[in-house]
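Just so you know, the sequence shown maps onto residues 374 to 609 in the working numbering.
Here the structure comes first, spelled out in structure tokens, and everything after it is commentary.
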Amino acid sequence: LVVECLCGENARQVVLDGVAQRGEILTKSLSEVIECAPIHCGDSVMLCPPQYIAIATYAASLRCAQKLVKALSVDGPFSISLVYDATNPESVFVVGCNLYTSRFLPMTCHTYLGEPWLEEAAKVVMGVPRRSKYMRIIDVEHVACRIPVFSFGNRPLTDPRLGSTMQATGEVVCFGAHLHEAYIRALQATGTRLPDKGILVSLGGAENKLKFAPLASLLILAGFTLYVTEGTRAAL
């Protein structure tokens with residue numbers, strides 16, 4: 374409800390993980406959540422480093438995080454969840470802050486090679502003075518994609534609709550030279566069988582159907598048969 378009041382239907386999410394000492398950020402990384410808020414980020418596909426967000430959103434997220442870390446005088450690892458309005462990239466709001474190592478930190482550490490964040494966090498907790506060291510996104514040579522794993526088939530009474538409560542029972546992280554390679558690898562790692570002949574397409578809303586139109590053309594050119602409803606067929 375809070376997310377919907379702040380950003381409406383255009384709410385998007387990002388997660389900033391890092392390590393701080395005496396309220397100053399030593400290392401940081403921003404991950405992009407593909408699903409719209411308020412779906413829990415643990416149930417969402419995540420990309421690190423971000424691939425779609427605007428520079429203004431990236432900068433505003435860092436400013437919000439630095440203010441919060443300084444105000445709380447954070448000493449150790451932290452994970453901050455933020456939402457922003459896709460129609461107004463600078464409108465960033467903090468919706469959660471955890472002062473412990475998040476589930477995304479291993480993905481972040483492997484993405485930003487040469488950044489031993491867990492080691493940094495341990496030294497900070499022990500009171501060893503550390504220096505800030507960042508790795509620029511432009512220097513990251515690959516993309517990490519995290520995909521959640523669900524067990525609805527083993528829990529028939531569970532409501533499969535996603536929301537603010539996390540329902541994933543596992544996750545997979547894969548790397549690629551670009552986001553598409555990383556995403557396909559992650560899908561295959563979850564046991565998902567990729568289609569080789571026909572694809573059933575289920576789309577709601579005229580806007581989504583228009584966005585899918587150019588992708589449909591590519592799939593048909595690639596030799597796939599698309600099965601759609603009358604409404605989707607008319608839009609395509």
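No residue lacks a Cβ here, since even glycine has one placed at the ideal position from N, Cα and C.
Model, not experiment: these values are computed from the prediction.
First through last residue of the alpha helix (DSSP H) which encompasses residue i
| i | result |
| --- | --- |
| GLU554 | 552 to 562 |
| ILE593 | 579 to 594 |
| LEU491 | 490 to 498 |
| THR481 | 478 to 484 |
Opening and closing residue of the beta strand (DSSP E) in which residue i lies
| i | result |
| --- | --- |
| TYR425 | Careful: TYR425 lies outside any beta strand (DSSP E) and carries neither H nor E. |
| GLY571 | 571 to 573 |
| THR605 | Premise fails: THR605 lies in the alpha helix (DSSP H), 603 to 608, not in any beta strand (DSSP E). |
| LEU599 | 598 to 600 |
Cβ separation of residue i and residue j, assumed to be a contact under 8 Å, to the nearest whole Å
| i | j | result |
| --- | --- | --- |
| VAL516 | LEU583 | Not a contact, Cβ separation roughly 27 Å. |
| LEU591 | VAL574 | Actually they do not touch by this definition, with Cβ atoms about 13 Å apart. |
| VAL418 | ARG558 | Going by Cβ atoms, the distance from VAL418 to ARG558 rounds to 13 Å, so no, they are not a contact pair. |
| SER452 | SER475 | 4 Å |
Helix, strand or coil at residue i according to DSSP, with G and I counted as helix
| i | result |
| --- | --- |
| ASP458 | strand |
| GLN394 | strand |
| SER505 | coil |
| PHE525 | helix |
| ARG436 | helix |
| VAL468 | strand |
| GLY536 | coil |
| ALA384 | strand |
Identity of the residues DSSP links to residue i by a beta bridge
| i | result |
| --- | --- |
| ALA517 | CYS421 and PHE548 |
| LEU389 | LEU403 and ILE453 |
| GLY543 | VAL522 |
Touching by the beta-carbon criterion (3+ pairs, under 8 Å), the stretch 439 to 448 and the stretch 390 to 402: yes
Using 8 Å as the Cβ pair cut-off and three pairs as the minimum, do the stretch 457 to 477 and the stretch 426 to 439 touch? yes
Is there contact here, the stretch 488 to 500 with the stretch 463 to 473, by at least three beta-carbon pairs under 8 Å? no
Within 8 Å, do at least three Cβ pairs link the stretch 409 to 420 to the stretch 530 to 540? yes
The stretch 540 to 556 contacting the stretch 579 to 596, beta-carbon criterion three pairs below 8 Å: no
Check whether the stretch 433 to 440 and the stretch 559 to 576 touch, using three or more Cβ-Cβ pairs below 8 Å as the test. no
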